[in-house]
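K.L.:
To start, I am sharing the structure in question, which I have written as structure tokens.
In our numbering, the protein residues as written are 1180 to 1499.
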């Protein structure tokens, strides 16, 4: 299958759908990479059927934005690097988190603008937008979700009312920036508690959500948590990742579940700081099929034992 692509003036790469456009995936690359290079490597990660994700999901439009060049606060004489936000220490992202705030704020605002443009192409259907990212790109889309408010997001009709949500959020080999600001994570070397030990969302959790929104200085919706509650989330991480340790991914999962989010967690033994292929790619197809209602049946993966679900809520409660 020949995929048609466009590269815009700002170096955003777009892979066009090969059937009627139903959804858009906005996919952010990692630190130090480019949208063009990321797209090439992304297309080389295949499902068990030998397909890239655009081939396996033909109605989706894939948008790969380019991170701006940013100088390092720690090494001001070094060459500027493509990055969504600056990091003081790549081995310890929690150190000097204050240097992350400005770039993260700008990048979340940038992604919000791309979302609005894609929503226009989709006749106002916010629930047809998927945010995805690898590594630092994944961290940026998580903060984009945390700063998504009902006042700006439409929703899917459910039980007689419009439910504010995006279509889905996916993070690969990623982590949660501004941990100290959010103030809800255990120490780096602690073990993730069992699923039934993760606290449900309450008043204190939403105070923390309002706090991190205030930290980025993005206005509006301080008490609105609906999109966080309603948007299905997939996190994938490889246990042998030498860059973003799998424990950091587990802590991200814990933080999101502590805010009441529904997270599907997939951990793989190998793949390093990248996608696991083919199993991880099969799981993406399965997840998007369920979250977006693509109608692919069980053909999104090779595991015939997976159950079929009538809604993404029951799906993620069972399989997360």
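Cβ atoms here follow ideal geometry from the backbone N, Cα and C, with glycine treated the same way. Keep in mind it's a predicted model, so treat the numbers as computed, not measured.
Closest by CA to residue 1189, which one among 1472, 1238, 1242?
P.N.:
Answer by Cα proximity: 1242.
K.L.:
Suppose the cutoff is 6 Å on Cβ atoms and the five residues either side in sequence are ignored; what does the same chain contact list for residue 1432 look like?
P.N.:
Closer than 6 Å at the Cβ level, and outside the excluded window around residue 1432, lie 1414, 1442, 1444.
K.L.:
Output the distance between the C-alpha atoms of residue 1275 and residue 1290, rounded to the nearest integer angstrom.
P.N.:
Going from the Cα of residue 1275 to the Cα of residue 1290 covers about 24 Å.
K.L.:
Is residue 1322 helix, strand or coil by DSSP?
P.N.:
Of the three classes helix, strand and coil, the one that applies to residue 1322 here is helix, per DSSP.
K.L.:
Give a yes or no on whether the C-beta atoms belonging to residue 1142 and residue 1239 are separated by under 8 Å.
P.N.:
Since the first residue shown for the chain is 1180 and the last is 1499, residue 1142 is missing from the structure and cannot be characterised.
K.L.:
Measure the beta-carbon distance from residue 1266 to residue 1325 and round it to whole angstroms, keeping in mind my assumption that it falls under 8 Å.
P.N.:
Between residue 1325 and residue 1266 the Cβ distance is about 19 Å, and since that is not below 8 Å, they are no contact.
K.L.:
Kindly indicate which three-state DSSP category residue 1448 falls into: helix, strand or coil?
P.N.:
In the structure shown, residue 1448 sits in coil (DSSP, three-state: anything other than H, G, I, E or B).
K.L.:
Does the distance from the C-beta atom of residue 1273 to that of residue 1206 stay below 8 Å?
P.N.:
No, they are not a contact pair.
K.L.:
Determine, using beta carbons only, whether residue 1516 and residue 1388 come nearer to each other than 8 Å.
P.N.:
An answer regarding residue 1516 cannot be provided, because it is not within the stretch 1180 to 1499 covered by the chain.
K.L.:
Indicate the three-state DSSP secondary structure (helix, strand or coil) for residue 1548 in the structure shown.
P.N.:
For the chain, the structure presents residues 1180 to 1499; residue 1548 sits outside this window and is missing.
K.L.:
Is the beta carbon of residue 1202 less than 8 Å from the beta carbon of residue 1346?
P.N.:
For residue 1202 and residue 1346, yes; Cβs fall inside 8 Å.
K.L.:
Helix or strand or just coil, what does DSSP make of residue 1466?
P.N.:
If DSSP states are grouped into helix, strand and coil, residue 1466 belongs with the helices.
K.L.:
Any idea what DSSP makes of residue 1254, helix, strand or coil?
P.N.:
Coil, per DSSP.
K.L.:
For residue 1285 and residue 1391, what's the separation of their Cα atoms in angstroms?
P.N.:
Their backbone Cα atoms lie some 15 Å apart in a straight line.
K.L.:
Between residue 1148 and residue 1475, what straight-line distance do the alpha-carbon atoms span, to the nearest angstrom?
P.N.:
No answer is possible for residue 1148: it lies beyond the span of the chain, which begins at 1180 and ends at 1499.
K.L.:
Within 10 Å of its beta-carbon, does residue 1235 have 16 or more other beta-carbons around it, so buried, or fewer, so exposed?
P.N.:
Burial call: buried.
K.L.:
Mind checking which residues open and close the alpha helix (DSSP H) that includes residue 1292?
P.N.:
Per DSSP, residue 1292 belongs to the alpha helix (DSSP H) from 1277 to 1300.
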